[in-house]
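Letter by letter, the sequence shown follows residues 4 to 319 in my numbering. A short write-up of the structure that comes next.
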Amino acid sequence: MDIARALPFVLLAACVTPPEVTQVDQGIIGGTQTAVTEFPTVVGLQHGAGNWFCTGVLVDKDWVMTAATCFDSTAATQVRLDDPTIADGGGRTVDVAEIHKHPSFNINSTTWNHDIAMIKLAQSVTDRTPSLIRRDSVGAGTAVTQVGFGVNNTNGNGGGVLRSLATTSVDCAQADDAGITNANTMCFNANDGTASCYGDGGAPAFVGSGATRAVAGIGSGGTGTSCTSGLDVYTAVAAELAFIDSKLPAVTPPPVDPTDPVDPTDPDLPDDPDDDPTDPDDDDDRPPVARGCSTGGGSGGLLLLAVALLAIRRRR
């Protein structure tokens, strides 16, 4: 079917009646009001105080991820942090220095590909840990938490309040649309009355919890004529990694301790190392016994394993 994309800023601080379109922008209907401390990386986008239009998520101290559909205006943009009711002008704002929409995004396309944008901030945000990025695809039946500032009813009311919704992904084949696939999108059933709606374009869909919570989807729209019909459609983050990684700084693993583990001057060695002719303990000079994961490197082997695991975790 043909897909008409709604403008993502149809709902501003003064709530307006959303237009009837085939694809609707997103908000949270049926969600619960959420403290900003629970999702400190979720931010609002605005063109000046009180003129908010989309949601985003901090994925690096200098970068926010959101939807490309949020931007068809050249107006100066800010992100607002730490404000559970974004329309009241609380929290704090950071100016946006650069906006990068995916170069292949086409709002008039009949596919839902590449609805993603990366926003570079004018000042680094260093007082919180950015959200992890999910680097593997998410299949149907996965538990997901949607978070955003959108409206909480189909009349376009209640926007600007941070809400979260625990939901489950469904097979995108239910859309019966060749442009919506499990490879490029994540889908959610909106027919049960819990859905995303106006104001949450660019809102994150998280998988996992706590330290492993990661952004798997970015709010793009919906297939129904209202927010509570059809499918909610999110851009699959794992399908857009080439673009995302082209903007984010490369992750460099931490350096390995350069001290030679067999150097007698290594401060980590005991006072009487093996093969020392003055060693009073002959037992220390016997061949080492391999234990666990160590392969003769002693604590050095465990250090390498820890470094490898840390590098893997940081890449996610």
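For every residue, glycine included, the Cβ atom is placed at its ideal position computed from N, Cα and C. Model, not experiment: these values are computed from the prediction.
Of the residues the options, which one's Cα is nearest the Cα of residue i?
i	options	result
Thr72	Ala245, Ala242 and Gly225	Gly225
Ser167	Val240, Val99, Gln49 and Thr58	Thr58
Leu124	His117, Asn109 and His103	His103
Trp66	Asn187, Glu101, Ala143 and Thr114	Glu101
Asp248	Val45, Arg138 and Thr114	Arg138
Gln126	Val97, Thr231 and Gly92	Val97
Thr215	Ile89, Ser229, Ala181 and Ile136	Ile136
Ile89	Phe246, Asp195, Met68 and His50	His50
Ser229	Ala253, Asp195 and Phe56	Asp195
Glu41	Thr231, Lys250, Thr69 and Arg131	Arg131
Thr231	Gly205, Cys200 and Thr145	Cys200
Ala52	Thr80, Ala206 and Ala253	Thr80
Residues in its own chain within less than 8 Å of residue i by CB, not counting five upstream and five downstream?
i	result
Val147	Val141, Ala169, Thr170, Thr171, Ser172, Met189, Phe191, Ala208, Phe209, Val210, Ala219 and Gly220
Leu234	Val173, Cys175, Gln177, Ala178, Ile183, Cys190, Phe191, Asn192, Ala193, Gly225, Thr226 and Gly227
Thr37	Pro87, Val150, Leu165, Arg166 and Ser167
Ser107	Asn116 and His117
Phe246	His105, Pro106, His117, Ile119 and Met121
Looking only at its own chain, which residues have a Cβ that is under 7 Å from the Cβ of residue i, when we skip the five neighbours before and after it?
i	result
Thr129	Lys64
Ala242	Ala186 and Asn187
Gly94	Arg83, Leu84, Asp85 and Asp86
Applying the criterion that 16 or more other CB atoms from any shown protein chain within 10 Å of the CB defines a buried residue, is residue i buried or exposed?
i	result
Pro133	buried
Asp28	For Asp28, the pLDDT reaches just 39, beneath the cut-off of 50, and the residue's location in the model is therefore unreliable, although a value from the coordinates is still provided. That one is buried.
Asn109	exposed
Gly213	exposed
Thr35	exposed
Asp288	Because the pLDDT at Asp288 is just 42, under 50, the model does not fix this residue reliably, and the point stays unresolved.
Thr238	buried
Thr77	exposed
Asn116	buried
Asp269	With a pLDDT of only 45 at Asp269, under 50, the local geometry of the prediction cannot be trusted, and no value is derived from it.
Ala70	buried
Gly222	buried
Asp203	buried
Gly144	exposed
Ala206	buried
Is there a C-beta anywhere in chain C that falls below 8 Å from the one on residue i?
i	result
Thr184	Protein chain content of the structure displayed is limited to a single chain, and chain C is not contained in it.
Going by beta carbon distance, what residues of the same chain come within less than 6 Å of residue i, once the five residues before and after it are set aside?
i	result
Thr114	Gly182
Val45	Val60 and Val150
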